[in-house]
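Counted the way UniProt numbering counts, the sequence shown spans residues 1 to 342.
Below is one structure; the comments refer to it alone.
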Amino acid sequence: MRVLGIETSCDETGIAIFDTEHGLLAHQLYSQVKLHADYGGVVPELASRDHVRKTLPLIQAALKQANLTADQIDGIAYTAGPGLVGALLVGACIGRSLALGWQVPAVAVHHMEGHLLAPMLEDKPPAFPFIALLVSGGHTQLVRVDGIGQYQLLGESVDDAAGEAFDKTAKLMGLDYPGGPRLAALAEQGRADCYKFPRPMTDRPGLDFSFSGLKTFAANTIAAADDDAQTRADIARAFQDAVVDTLVIKCRRALKETGLKRLVVAGGVSANKELRAQLHAFAEKIGGEVFFPRPEFCTDNGAMIAYAGAQRLAAGEQVDERVKTYPRWPLEQLKEPVSDCA
Ligand code: KG4
Ligand code: ZN
Numbered sequence: 001m002r003v004l005g006i007e008t009s010c011d012e013t014g015i016a017i018f019d020t021e022h023g024l025l026a027h028q029l030y031s032q033v034k035l036h037a038d039y040g041g042v043v044p045e046l047a048s049r050d051h052v053r054k055t056l057p058l059i060q061a062a063l064k065q066a067n068l069t070a071d072q073i074d075g076i077a078y079t080a081g082p083g084l085v086g087a088l089l090v091g092a093c094i095g096r097s098l099a100l101g102w103q104v105p106a107v108a109v110h111h112m113e114g115h116l117l118a119p120m121l122e123d124k125p126p127a128f129p130f131i132a133l134l135v136s137g138g139h140t141q142l143v144r145v146d147g148i149g150q151y152q153l154l155g156e157s158v159d160d161a162a163g164e165a166f167d168k169t170a171k172l173m174g175l176d177y178p179g180g181p182r183l184a185a186l187a188e189q190g191r192a193d194c195y196k197f198p199r200p201m202t203d204r205p206g207l208d209f210s211f212s213g214l215k216t217f218a219a220n221t222i223a224a225a226d227d228d229a230q231t232r233a234d235i236a237r238a239f240q241d242a243v244v245d246t247l248v249i250k251c252r253r254a255l256k257e258t259g260l261k262r263l264v265v266a267g268g269v270s271a272n273k274e275l276r277a278q279l280h281a282f283a284e285k286i287g288g289e290v291f292f293p294r295p296e297f298c299t300d301n302g303a304m305i306a307y308a309g310a311q312r313l314a315a316g317e318q319v320d321e322r323v324k325t326y327p328r329w330p331l332e333q334l335k336e337p338v339s340d341c342a
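Spelled out as C-alpha cells, the structure:
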C-alpha cells in the first residue's frame, strides 16, 4: 500500500510517500524559517498562507521523485492535530480533497504519534513495548508504548516544553529564530561546569517536567555575567547540560518504574547531539537500547506522517468526508487502528 503523507501543523510543509512493502519512496520538505525569522517566531497566518502555496507543488515533486502517478497512491494521511488550526486546515483540506478526487481512503494522523513512530523508518526499528521520550517545541512527554495506538502517558511538562525552553533561552541570548539548534551549536563551544543550572523536579518523585524556571535562571545568569563570546557559550552549555541531565534522569526513572529497557526518543530536541550522546551512554550502562530517528526526521517532516498513516490505513482505519482538525488533541485519546466512519 502506497500512502501520501502531508504534514502542515506548524512551520514546515512536509510531504512523503511511504510504501508498506518497499519503505519510504519520496520525501520533500519546505521550511518556513526565512518567512518567520523577521518576527522572531512563527506567525500563524503567514504559516497557513505559505502551506497553501507549497503543499501541492511538493506533492507533485514527491510523485516525481518516486516516479509515480496519482493513480498509484492507495491512501492519504494528513496531520489533523495538535498544531496551529489554520496550518492544520490547509493539509487536512488538501489531503481530504485529493482522497475524494482520487477515490482513496484518508486518515487523520496525530502529529505526536508521527514523531513517536519516526524511528520505525530506520534500518533497525524498535520493537514494542518501549518508553518514548517525546521532546518537541510544544510537548515534553514520557509515554509507555505497547503498540500502535496503545499509549499511556507517564509524565509531561507542567509548563514549557523542552524545545520551547531552548527557543526562549536562545531569544534571551539574542540568538535568531529558530533558537534551539543555534543555542545547541553555541553550547558546543562552552566549557563544562562554569555555571550550575538547576535540574528541575528531579528532587521529588514523579515523571513530570518543568522547564520555565530554567529560562528565568538563564535570564538572571545572563544579566549578571560578562557579555563576551566565551561566557555566552559557557551559559549556553550550562543551560543545555541542565535540560539534558533532567531528561536523562526522568528517562532512567521511567525505565526503572516500568521494568522496560527500550527507549525511543523523538521530536525536534531529539536532534540534540548532547542528548543523543548522553542517552546512548546511559542505555549502554544499563544494558538497554535507545532509538532515535535520523536527524532530518527528528524535526517535523512528512515521512513520519506517511508512516503512521500507513499503519492505520493498512489496518482498515479511515475518516469520513468531513474535514476535521484537532488543534488540541491528547495523545492518550488515540486508540488502536479502527475505522471511525463505519
Ligand atoms: O518537532 P519539532 O520540529 O516541532 C514541534 O512539533 O514542535 O520541534 C521543534 C523544536 C524547536 O523548539 C527547536 O528549537 C527544537 O525542536 N530543536 C532543538 C534542536 N533542533 C531542534 N533543540 C535543541 N537542540 C537541537 N539540536
Ligand atoms: Zn513536531
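Just so you know, even glycine gets a beta-carbon here, dropped at the ideal spot from N, CA and C.
{"Item": "To the nearest angstrom, report how far apart Gln-230 and Tyr-195 are at their CA atoms.", "Value": "12 Å"}
{"Item": "What I want to know is whether the C-beta of His-36 ends up closer than 7 Å to one or more non-hydrogen atoms of the ligand KG4.", "Value": "no"}
{"Item": "Smallest Cα separation from Gly-179: which of Lys-250, Gly-268, Asp-193?", "Value": "Gly-268"}
{"Item": "One question on the structure: do Arg-232 and Arg-191 come within less than 8 Å of each other, judged by their Cβ atoms?", "Value": "no"}
{"Item": "Based on Cα-Cα distance, which residue from Thr-8, Val-33, His-36, Gly-23 lies nearest to Thr-55?", "Value": "Thr-8"}
{"Item": "For Leu-154, which of Gly-206, Leu-279, Leu-63 has the nearest alpha-carbon?", "Value": "Gly-206"}
{"Item": "Run the Cβ filter for me: residues under 5 Å from any heavy atom of the ligand ZN, listed in the order they occur in the chain.", "Value": "Ser-136, Asp-300"}
{"Item": "How should Arg-96 be labelled, buried or exposed, when 16 other C-beta atoms within 10 angstroms of its C-beta is the threshold for buried?", "Value": "buried"}
{"Item": "Take Ala-99 and list the residues in its own chain whose beta-carbon comes closer than 6 Å to its own, dropping the five residues that flank it on each side.", "Value": "Ile-76, Ala-106"}
{"Item": "For Ile-6, does the count of other Cβ atoms within 10 angstroms reach 16, so buried, or fall short, so exposed?", "Value": "buried"}
{"Item": "Extract the residue ranges of the beta strand (DSSP E) inside the segment 135-161, only unbroken runs of 3 or more that lie entirely within it.", "Value": "140-147, 150-156"}
{"Item": "Should Val-158 go down as buried or exposed, given a rule of 16 or more other Cβ atoms within 10 Å for buried?", "Value": "exposed"}
{"Item": "Return helix, strand or coil for Leu-175, following the three-state DSSP convention.", "Value": "coil"}
{"Item": "Which first and last residues belong to the beta strand (DSSP E) in which Asp-234 is found?", "Value": "Note, Asp-234: premise wrong, no beta strand (DSSP E); alpha helix (DSSP H) at 229-258."}
{"Item": "Would you decide whether Arg-312 is buried or exposed? Buried here means 16 or more other CB atoms lie within 10 Å of its CB.", "Value": "buried"}
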